[in-house]
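In the numbering used here, the protein residues as written are 8 to 196.
Where is the CB? At the ideal position from N, CA and C, for every residue including glycine.
These figures come from a predicted structure and were not determined experimentally.
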């Protein structure tokens, strides 16, 4: 459900853009959609994840600059900045913290050896960096229509590709067949 809610603002952006062919109107709808996403997350969980906060503020600041200055290049940078922030967060935790960020986020769902958490973190950090770089290439080397299509389908495709690669890596290592860790949730069923 959360992934569907996260896709709504970009689908709204793409739909409005291809309906109106106006990047500024579409950007306005993107910002509105992200505001609704943030409100829905807060309403359902009584908190807003750091990931949603980063996406929200980047959309409001860069989307706002796009609309105010009538220059879509501000918006072109949003996906790159968000991806690079996520990449830097993973790398920062890896190099400057004793805690692995992915294990912190997913450790209650799956138990993995330390070297696997490290490989996953570095792999996702590289993936986020490359996604940001690819966004810049598409934004500045191709048409606006192509970039919007890429945002709608390419970003989702890349994310699915990363999940498939991660699942194959975990399956080959035999890590997906492990029993769930015992938690309060599993003992209260």
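Assuming residue i contacts residue j under a Cβ cut-off of 8 Å, what Cβ separation, rounded to an integer in Å, is found between them?
i	j	result
residue 81	residue 69	5 Å
residue 89	residue 65	5 Å
residue 47	residue 75	Between residue 75 and residue 47 the Cβ distance is about 26 Å, and since that is not below 8 Å, they are no contact.
residue 172	residue 24	So it is not a contact: roughly 30 Å between Cβ atoms.
residue 108	residue 96	6 Å
residue 159	residue 21	4 Å
When DSSP labels each residue in this structure, what does residue i get in the three-state scheme?
i	result
residue 150	coil
residue 182	coil
residue 78	coil
residue 10	helix
residue 104	coil
residue 110	helix
residue 55	coil
residue 60	helix
residue 125	helix
residue 117	coil
Using the C-alpha atoms, what's the distance from residue j back to residue i?
i	j	result
residue 146	residue 101	30 Å
residue 67	residue 59	12 Å
residue 30	residue 79	7 Å
residue 136	residue 26	31 Å
residue 36	residue 16	8 Å
residue 167	residue 92	20 Å
residue 178	residue 119	12 Å
For the candidate residues the options, whose alpha-carbon lies nearest to that of residue i?
i	options	result
residue 139	62, 32, 87	87
residue 84	62, 115, 180, 105	62
residue 105	124, 91, 115, 174	124
residue 9	94, 148, 38, 52	52
residue 114	77, 50, 182, 41	182
residue 44	151, 14, 173	14
In or out: residue i buried (at least 16 other Cβ within 10 Å) or exposed?
i	result
residue 131	buried
residue 73	buried
residue 184	exposed
residue 112	exposed
residue 33	buried
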